[in-house]
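A short worksheet on the structure shown next.
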Amino acid sequence: MTSRYLLSKVGFRRTIQHLEPRYNMPSRHYILEKAIPKIHKDVRDDIAKQVESTNALSFTTDIWSCDHRPLSLLSLTAHWIGPDFSPKSAVLHAREFRGTHSANAITDAMEHMLRTWNIDKKKVHVILRDNAANIKKALDQLGVPSLGCFAHTLQLVVQHGLLAQRAVSDAIANGRKIVTHFKHSPKAYSELEDVEDELNIEPKRLQQDVKTRWSSTKMMIDSLLHCKRALQSYASDSASNLPATLTGNQWSLLEKTATVLKPFQELTAEVSAAAATAADVIPSVRALTRFLENESEEHRGIQTMKATLLDAVHTRFDQVETEPLYTVATMLDPRYKDKFFTNATNLDQAKEALKVEVMKMEQELNTMHSGEGVAEAETVMQTPAMEAGSSTSSLSSYFDEILEESCRAGPSEQQITQGALFQLESYLSEPPIGRKNNPFHYWRDNQAQLPTLAATAAKFLSAPCTSVESERLFSAVSLIIDEHRSRLTPEHLEMLVFVKKNFPTMLGLQSGQTVEGSV
1 MTSRYLLSKV GFRRTIQHLE PRYNMPSRHY ILEKAIPKIH KDVRDDIAKQ VESTNALSFT
61 TDIWSCDHRP LSLLSLTAHW IGPDFSPKSA VLHAREFRGT HSANAITDAM EHMLRTWNID
121 KKKVHVILRD NAANIKKALD QLGVPSLGCF AHTLQLVVQH GLLAQRAVSD AIANGRKIVT
181 HFKHSPKAYS ELEDVEDELN IEPKRLQQDV KTRWSSTKMM IDSLLHCKRA LQSYASDSAS
241 NLPATLTGNQ WSLLEKTATV LKPFQELTAE VSAAAATAAD VIPSVRALTR FLENESEEHR
301 GIQTMKATLL DAVHTRFDQV ETEPLYTVAT MLDPRYKDKF FTNATNLDQA KEALKVEVMK
361 MEQELNTMHS GEGVAEAETV MQTPAMEAGS STSSLSSYFD EILEESCRAG PSEQQITQGA
421 LFQLESYLSE PPIGRKNNPF HYWRDNQAQL PTLAATAAKF LSAPCTSVES ERLFSAVSLI
481 IDEHRSRLTP EHLEMLVFVK KNFPTMLGLQ SGQTVEGSV
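Set out below in structure tokens:
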């Protein structure tokens, strides 16, 4: 869809007039008051049908404040698994949120948004949110399950770790001063580029970090390390006038810090992907813990930071193996199953929670099918043998290591043979599929053989493990509210955001695909 602002540009209108003199350009008023509302209605009707036909919905939510004007928005994005077992999502609201962002105000707003779409709270599987106390309290008051954003919690873990060792934080501070110097001095940057050219170093811009986002600090460290030889040569010039330099020990600390932060960076990217689910949390925490517990020579000198990171992981994720929203999802992910629990007690509790959910789902399916029941024909599941992860991730070897240890321990001795639980026994008796395989494809291919289990998986794997999808939504909002469209009413803004984000869903595009152009 073409920008309304573009339609008013004289040059654009003259170009169209030259290309096709008979064409009458629609006015901005027509686009805003006629065309977009019509598209909005068509898209909304399509999304409403999909939402209504879905038995369980998960959601992500976030609050955003505009830089161009005094405006806050509260978002609500729905996530579900389609009939073909493909993950779906749709933005339901990016609603103006006036006044104080109190828990009571959020509760009222969320209740109104669910009611607008005729979504019963019983249909809400879980809502992913940030870790702020007000939104957590609001969802508790609303009476729906909620989980904190896994990526946000990882952010808190790393921020805590980076401040734990004075020598590391001092090295980062000096690196930050160096980057700031070159960012503010085009002359100095040109001189640094000349040095890079002399040393045959591929030019790479130094990255300025944002203190509140550790991932930007990791990128800053990487850029400094890339330019290390050039910076050392530049600093040796008495006329360089650098505000700070890095000693040999500080360069070494930055190199080691980068190796420790790399798994966190890779893991954050993985769990922020559109296909990531709540099932990824427990295995990720286990692999991350195993990495931090591993005593490596290359990490000598930053043991304090590493120990602090490990302690923060234990503290902030100590409840994940007792939270059914995580444990059941993990068990129903064919890549993980029952292989990533730290002890027998947690595993037994997870299996009990899974059995409860499976039996509950069987009752629901029997009610829906008027007592038709579930067929128990002996069929062979389409389950590929367990294969080593093909990922180049720093944590991939730890995932594989944990899987191998669990599989060597042998299958569970417990035998269950009745109804839907027979499906569960058959499923758990098979080895996990490869970590890089698609769990949704597994359930698509096996839902005829494991109908009750597949329906339960559709419910629990609908939940993302982060609220990143709502953050991505506000990136789209920022593009719509620019200097030319800052006077849009909140109602028109929500309509434009809704169409922009959901039009691909109506067209049947997969998650991540977009339609060319912008609203």
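Numbering (full-length UniProt numbering), first residue to last: 1 to 519.
Glycine included, C-beta positions come from ideal geometry on N, C-alpha and C.
Host beta strand (DSSP E) of residue i (start-end)
i	result
Leu57	Leu57 to Ser65
Distance CB(residue i)-CB(residue j) smaller than 8 Å
i	j	result
Ser394	Lys262	yes
Ile39	Val477	no
Ser467	Ile81	no
Pro464	Ala164	no
Pro432	Leu453	no
Asp271	Ala151	One detail in the question is off: residue 271 reads as Val in this sequence, not Asp. For Val271 and Ala151, yes; Cβs fall inside 8 Å.
Ala420	Glu362	yes
Met220	Val281	no
Glu430	Arg95	no
Leu92	Pro490	no
Val396	Thr61	For clarity, residue 396 is Ser in the given sequence; the question names Val instead. Cβ atoms of Ser396 and Thr61: not closer than 8 Å.
Where residue i falls: helix, strand or coil (DSSP)
i	result
Trp117	coil
Arg129	strand
Arg472	helix
Lys501	helix
His93	strand
residue 558	Summary: the structure shown does not reach residue 558, with the chain confined to residues 1 through 519, and so no result is reported for it.
Lys88	strand
Leu147	strand
Ser394	coil
Phe340	coil
Asp140	helix
Ser276	It is worth fixing the name first, because residue 276 is Ala in this sequence and not Ser. Coil at Ala276, not helix or strand.
Tyr234	helix
Lys436	coil
Whole-angstrom distance between residue j and residue i, CA atom to CA atom
i	j	result
residue 531	Leu253	Past the edges of the chain, shown from 1 to 519, lies residue 531, and the structure says nothing about it.
His101	Ser426	49 Å
Val356	Val210	46 Å
Leu332	Asp338	9 Å
Cys227	Asp194	12 Å
His441	Arg129	27 Å
Thr330	Ala273	17 Å
Lys360	Val124	16 Å
Asp103	Asn131	Before going on, a small fix: residue 103 reads as Ala here, not Asp. Each residue's Cα considered, the two are about 13 Å apart.
Thr42	His492	It is Asp, not Thr, that sits at residue 42 in the sequence shown. So the alpha carbons of these two residues sit roughly 16 Å apart.
Leu192	Ile302	30 Å
Thr247	Ser169	14 Å
Leu488	His68	11 Å
His299	Glu293	11 Å
Arg229	Ser223	12 Å
Arg115	Lys34	26 Å
Ile172	Pro451	54 Å
Gln207	Tyr336	37 Å
Phe340	Ala350	11 Å
Thr153	Arg316	7 Å
Same chain only: Cβ atoms within 7 Å of residue i, ignoring 5 sequence neighbours per side
i	result
Glu376	Note on Glu376: pLDDT 45, under 50, position unreliable in the model; no value is reported.
Thr107	Ala138, Gln141 and Leu142
Leu325	Val126, Pro145, Leu147, Ala278 and Ala463
Thr54	Trp80
Cys66	Ile481
Ala455	Met361 and Leu365
Tyr199	First, the amino acid is wrong: residue 199 is Leu here, not Tyr. Same-chain partners within the cutoff: Arg229, Ala230 and Ser233.
Cut-off 8 Å between Cβ atoms - residues of its own chain near residue i, not counting five sequence neighbours on either side
i	result
Asn346	Glu321, Thr322 and Thr327
Trp214	Gln155, Val158, Gln159, Leu162, Leu261 and Phe264
Ala90	Ile47, Gln50, Val51, Thr77, Ala78, Lys501, Asn502 and Thr505
Host alpha helix (DSSP H) of residue i (start-end)
i	result
Thr304	Gln303 to Arg316
Ala78	Per DSSP, Ala78 belongs to no alpha helix (DSSP H); it is in the beta strand (DSSP E), Ser72 to Ile81.
Val210	Here Val210 belongs to no alpha helix (DSSP H), and DSSP marks it neither H nor E.
Leu156	Phe150 to Leu162
Glu198	Pro186 to Glu198
Glu352	Ala344 to Met368
Tyr23	No alpha helix (DSSP H) contains Tyr23, which DSSP labels as neither H nor E.
Phe291	Val281 to Glu293
Leu453	Pro451 to Phe460
Phe440	Pro439 to Asn446
Gln50	Ile36 to Glu52
Tyr326	Pro324 to Met331
Thr217	Trp214 to His226
Leu253	Gly248 to Val271
Glu425	Gly419 to Ser429
6 Å CB neighbourhood of residue i in its chain, flanking five on each side removed
i	result
Phe474	Trp64
Thr245	Ala235
Trp443	Phe85, Ala454 and Ala457
Arg290	Tyr398
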